[in-house]
């Protein structure tokens, strides 16, 4: 996943995680149905990812991510040509500070992808889904630790409940859910870095530049796999090669749908839609892959969901108070 498209102003990370709206058009001004469709489509595609990655085996997580990076860049460049945005892409590449931040973001999102794919391929889809449920809470935590934002009491309560959820799962299952924590913190840090990039970088040029920064590493790794005979991308198996190449579209399409949605609908609605993806991933883990759900894991998930309810309700109340204060 990636960050929202540029908006007129920054909003606190803690409120963004709770789905507090920014100053983009409000539902009262007429909800953009295409924006809702774009957003829902993006999250449904992300939610279905656990069904896609097993199709890429016997490729391992690192090979899958390397192909995902390279083919995503190919798709981005083609889209830049079609959209006539190569000039904007060039301006991003000529900005050392922006490119450096996007490079850090690229490493973080590649880390997020790798942990997630490893989780899916190793039979831990539920842990990966838990990571995206926990992510809004991690965003709130980072807002306090890194950005020094002040939280409201309800946000502290949500953090406490989320911490208890991780502890319950760790004690009950007998291990720390490091895949979930890795997914949550890598994506939380990714969002934090992209927030520092600024709103002047548009979605497609930004995504292309971000992918460009990590593409050399991906290409080098694929070249090494090919030279050592450990790669699975081969003309002798065109079906598998095509599936690996399709990872570019599978990566870029939902990212661009999300960016288009974020430009059209309030952040509050984006915040609500974001839970579609982990809900679908959770259902895949339980209903499709039949992963074990002991009582401790159920208890942990319920606590996380409770924390998200507290966070969301608080965000809605805070947004309402802000609107009333603005009218006064």
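Residue numbers (our numbering): 4 to 331.
From the three backbone atoms N, C-alpha and C, an ideal C-beta is built for every residue, glycine too.
(1) If we call anything under 8 Å between Cβ atoms a contact, is residue 186 one with residue 115?
(2) Give the straight-line distance between the Cα atoms of residue 39 and residue 48, rounded to the nearest whole angstrom.
(3) Given this structure, state the Cα-to-Cα distance separating residue 242 from residue 250, to the nearest angstrom.
(4) Any idea what DSSP makes of residue 242, helix, strand or coil?
(5) Hey, quick one: how far does the alpha helix (DSSP H) through residue 52 stretch, first residue to last?
(6) Taking the straight line between their C-alpha atoms, what separation do you get for residue 97 and residue 104?
(7) Nearest-angstrom Cα distance between residue 339 and residue 272?
(8) Start and end of the alpha helix (DSSP H) containing residue 323?
(9) Entirely within the region 157 to 215 and at least 4 residues each: give me those alpha helix (DSSP H) ranges in chain order.
(10) Residue 95 to residue 207, Cα distance in whole Å?
(11) Should residue 238 be labelled buried (16 or more other beta-carbon atoms within 10 Å of its own) or exposed?
(12) Should residue 312 be labelled buried (16 or more other beta-carbon atoms within 10 Å of its own) or exposed?
(13) Apart from the five residues on each side of it in sequence, which residues of its chain come closer than 6 Å, Cβ to Cβ, to residue 198?
(14) What do you reckon, are the CB atoms on residue 287 and residue 128 nearer than 8 Å?
(15) Label residue 89 either buried or exposed according to how many other C-beta atoms from any shown protein chain fall within 10 Å of its C-beta, with 16 as the threshold for buried.
(16) Between residue 244 and the rest of its own chain, which residues show a CB-CB distance below 6 Å, the 5 nearest in sequence each way excluded?
(17) Measure the C-alpha to C-alpha separation of residue 99 and residue 220 and round it to an integer number of angstroms.
(18) Would you grab the beta carbon distance between residue 117 and residue 68 for me? Rounded to a whole angstrom, and I think it's under 8 Å.
(19) I'd like the list of long-range same chain contacts for residue 223, defined as Cβ closer than 6 Å, with 5 residues on each side in sequence excluded.
(20) Considering only the beta carbon of each residue, do residue 279 and residue 43 sit closer than 8 Å?
(21) Between which two residues does the alpha helix (DSSP H) containing residue 91 stretch?
(22) Would you give the residue range spanned by the alpha helix (DSSP H) that residue 146 belongs to?
Reading it off the structure:
(1) yes
(2) Cα to Cα, residue 39 sits roughly 14 Å from residue 48.
(3) Those two C-alpha atoms are separated by around 13 Å.
(4) helix
(5) 52 to 55
(6) When the Cα atoms are used, residue 97 and residue 104 turn out to be separated by approximately 13 Å.
(7) Since the displayed the chain opens at 4 and closes at 331, residue 339 lies outside it and no answer follows.
(8) 298 to 330
(9) Entirely contained in the region 157 to 215, the alpha helix (DSSP H) runs reaching 4 residues are, in chain order, 181 to 200.
(10) 11 Å
(11) Exposed, since its Cβ has fewer than 16 Cβ neighbours within 10 Å.
(12) That one is exposed.
(13) none
(14) yes
(15) Only exposed fits residue 89, as fewer than 16 other CB atoms lie within 10 angstroms of its CB.
(16) 236
(17) 19 Å
(18) 5 Å
(19) none
(20) yes
(21) Run containing residue 91: 89 to 96, per the alpha helix (DSSP H) assignment.
(22) 128 to 148
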